[in-house]
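Notes follow once the structure below has been shown.
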Amino acid sequence: MSAPERQGIATRGFATHNKEAKFGPFEFVRREVGPHDVLIDIAYCGICHSDIHQARAEWAPMIPSMYPMVPGHEIVGRVSQVGSEVAKFKEGDFAGIGCFVDSCRECPPCKAGIEQYCIKGSAQTYNSTEMDRETPTYGGYSKHYVIDEKYALKVNAEGDLSGIAPLLCAGITTYSPLKKWGAGPGKKVAIAGLGGLGHMGVKIAAAMGAEVTVLSTSPSKEKDAQALGAHKFLVTKDAEAVKAATGSFDLILDTISAQHDYNFYLSLLGLEGVMVVVGVPTEPIPLNAFSLIGGNKALAGSLIGGIPETQEMLDFCAKHNITSDVEVIDPSRIEEAYDRTVKSDVRYRFVIDMQNA
Ligand code: NAP
Ligand code: ZN
Ligand code: ZN
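Just so you know, we're using this note's numbering here: the sequence shown kicks off at 572 and counts up by one.
Structure follows, in structure tokens:
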């Protein structure tokens, strides 16, 4: 099946056509390379749990799902064409694309480099439209992307490129709140959920110098947590361990994708502790006011990160030799990867190899 006729660069991706459909090849057209655009030949694209939520319409009606959908917002590849005015990239450079590809560029958040909070609404990498609010965007489960250089990231090519792809979402989504809320020496930081985001959170918080504990439902992940840099591992079903940890953390980063009890996790915070929610369960979660009032605690949220901070995160990860632990798959295995991710059976990010797709 193919998209409506449009002038531009013919390419190929993998799309789903409704919330129950399987992924299949999808021919479509990227816009021609404009003066400020770069054409990226995509090498790898990570599978974020947000792809699954949206492909399966789990966030509707809040965030409707538009089909055909080519998900993917953890993209790395090589620049194969640059527009006449492009300054940041040259042909052959490695580049990355994260969760958005454009924004209004004029509102206070855009001017401040936190374009993810664009007041007019940024153009998401997929399941969205370009800023004309008409042209659908298709994501990184595809061979090519055309993007304004301002919204593309420079990638250090010395690392393993497949392990760099997940930094574009999982990396920045954990780096930004960890930095904002002061993860560092002397701070006890807990990462709730050891999946794609969680394992990046552990690596980044440890590199920032914090004492890191993983809060997990999967006892089998304990060894991995240590190898990733965690100092402690707490199985949230272990009543004794939970009792001992109550009131002990300065910061909890909640990366959990499914329903869970915020009140329970808040009870693990110490006085004036902060819990930052980045995971997006599909149903609302009840909150008891006493969970916050008792210890003068705060519950916060955070959405990915802006372009300048995403570049800062990529440079931080390059400096600290941080990449994602990945299982590289062929596009024919997208459904299998989705099912395993939902079962928390991912060590720790599936990444699609688009080079021979
Ligand atoms: P993921 O790889 O599937 O990891 C989620 C982890 O949550 C699982 O590995 C599991 O860890 C834990 N978990 C699953 N079900 C649970 C349950 N019922 N109770 C407690 N813990 C449970 O997903 P991800 O890609 O890291 O994404 C995580 C969430 O963040 C998703 O909802 C995604 O949409 C959202 N997200 C938000 C942003 C943002 O900007 N805020 C950006 C990207 C993604 P254990 O096995 O250790 O328990
Ligand atoms: Zn994501
Ligand atoms: Zn804006």
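Every residue, glycine too, gets a C-beta built ideally from N, C-alpha and C.
Predicted model only: the values in this text are computed from it and were never measured.
For lysine 721, the shortest C-beta to heavy atom distance toward ligand 3 is 7 angstroms or greater. In this structure proline 639 is buried. Its beta-carbon is surrounded by 16 or more other beta-carbon atoms within 10 angstroms. At least one heavy atom of ligand 3 lies less than 7 angstroms from the C-beta of arginine 676. Serine 699 sits in a strand when the DSSP states are folded into three classes.
For leucine 840 and valine 653, the gap between their C-alpha atoms comes out near 49 angstroms. Listed in chain order, the non-local C-beta contacts of isoleucine 905 below 8 angstroms within the same chain comprise Phe585, Phe594, Ile618, Tyr712 and Ile923, local neighbours out to five positions each way being set aside. Note that the region 875-883 touches the region 742-752; at least 3 beta-carbon pairs, one per stretch, sit closer than 8 angstroms.
Short of 8 angstroms from the beta carbon of proline 852, and not among the five residues preceding or following it, lie these beta carbons of its own chain, in chain order: Ile827, Ser828, Ala829, Gln830 and His831. DSSP places leucine 786 in the uninterrupted beta strand (DSSP E) bounded by 782-787. Within 7 angstroms of the C-beta of isoleucine 685 there is not a single heavy atom belonging to ligand 3.
Under DSSP, the beta-bridge partners assigned to tyrosine 716 are Ile611.
DSSP lists Val848 as the bridge partner or partners of glycine 872.
Counted as a single uninterrupted DSSP element, the beta strand (DSSP E) harbouring proline 596 occupies residues 595-601. Three or more Cβ pairs drawn from the region 720-729 and the region 647-664 lie within less than 8 angstroms of each other, which places the two stretches in contact. Your pair glycine 734 and serine 895 checks out as a contact, with CB atoms roughly 5 angstroms apart and the cut at 8 angstroms.
Residue pairing by DSSP places glutamine 652 opposite Leu610 in a beta bridge.
Contact between the region 900-915 and the region 695-702 is absent: fewer than 3 CB-CB pairs across the two stretches fall below 8 angstroms. Under the DSSP definition of a beta bridge, glycine 617 partners with Val922. At least one heavy atom of ligand 3 lies less than 7 angstroms from the C-beta of isoleucine 690. For ligand 1, no non-hydrogen atom lies closer than 7 angstroms to the CB of leucine 822. Between ligand 3 and the CB of proline 680, the shortest heavy atom gap is smaller than 7 angstroms. DSSP places threonine 853 outside both helix and strand once states are collapsed to three, so it counts as coil. One Cα belongs to threonine 706, the other to phenylalanine 861, and the distance between them is close to 47 angstroms. Within 7 angstroms of the C-beta of serine 621 there is at least one heavy atom belonging to ligand 2. The three-state reading of DSSP puts methionine 640 in strand, counting E and B together. Secondary structure at alanine 754: coil, using DSSP grouped into helix, strand and coil. Between threonine 708 and valine 717, the alpha-carbon positions lie close to 10 angstroms from each other. Of Ala928, Tyr833 and Leu822, the smallest CA-CA separation from glutamate 843 is found for Leu822. Taking phenylalanine 804 as the centre and dropping the five residues before and after it, the same chain places the C-beta of Thr784, Val785, Ser787, Lys792, Glu793, Ala796 and Gln797 closer than 8 angstroms to its C-beta, in chain order.
Secondary structure at threonine 912: helix, using DSSP grouped into helix, strand and coil. If you draw a straight line from the Cα of lysine 808 to the Cα of isoleucine 762, it is about 16 angstroms long. It is roughly 20 angstroms from the alpha-carbon of glutamate 883 to the alpha-carbon of cysteine 689. Approximately 19 angstroms separates the beta-carbon atoms of glutamate 782 and lysine 814; this is outside 8 angstroms, ruling out the contact. Close CB contacts of arginine 649 within its chain, under the 8 angstroms cut and outside five residues either way in sequence, are with Ile611, Asp612, Ala614, Gly663, Asp664, Phe665 and Ala666 (chain order).
Bounds of any alpha helix (DSSP H) do not take in aspartate 896, whose DSSP letter is neither H nor E.
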